[in-house]
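Worksheet: one structure, shown below.
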Amino acid sequence: MRGHSRLPPFWMLASAQLLIAVILASSWFYVNAKAVLAGPPNPDQYVNTWDFQIAVFLFYWLPAVLLFMGILLGIERLALAPRYARQKAAARQDAN
86 MRGHSRLPPF
96 WMLASAQLLI
106 AVILASSWFY
116 VNAKAVLAGP
126 PNPDQYVNTW
136 DFQIAVFLFY
146 WLPAVLLFMG
156 ILLGIERLAL
166 APRYARQKAA
176 ARQDAN
């Protein structure tokens, strides 16, 4: 384990990545919703409201972002599993 940096627990990495993904998706939503609302009026008047834009984000885009991040974090956990196992074994060996 010497020469390798110690990784924080996976849940901390996953939480940080989820938080960053939600912040980026929310920022992207805000900029695009503002552009839609500032543009020429849509024939469907309900599209020109913040309520509709937020509903589209919450029911369509946010679940898609969370699903993608869940898949990505699952792959990441599988990829990091050997390193966490080595880290745990080295910690046990150092304790003895």
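First residue of the sequence shown? That's 86 in this note's numbering, and the numbers climb one at a time after it.
Ideal placement from N, C-alpha and C gives every residue a C-beta, glycine not left out.
Residue i and residue j: beta carbons closer than 8 Å?
i	j	result
V150	A118	no
Q178	R91	no
F95	L165	yes
Q138	L152	no
L104	M154	no
Among residues of its own chain, excluding the 5 on either side of residue i, which ones have a beta-carbon nearer than 6 Å to its beta-carbon?
i	result
Y131	F137
M86	Legend: pLDDT at M86 = 46, less than 50; position of this residue unreliable, value from coordinates given subsequently. Within the same chain, M86 has close Cβ partners A175.
Checklist entry - At which residue ranges does the region 115-158 contain complete alpha helix (DSSP H) runs of 4 or more residues, listed in the order of the chain? => result Runs of the alpha helix (DSSP H) inside the region 115-158: 135-141.
Item to check | the region 161-177 / the region 91-100 touching (three or more Cβ pairs under 8 Å) | outcome: Inter-segment contact for the region 161-177 and the region 91-100 is present: three or more beta-carbon pairs are separated by less than 8 Å.
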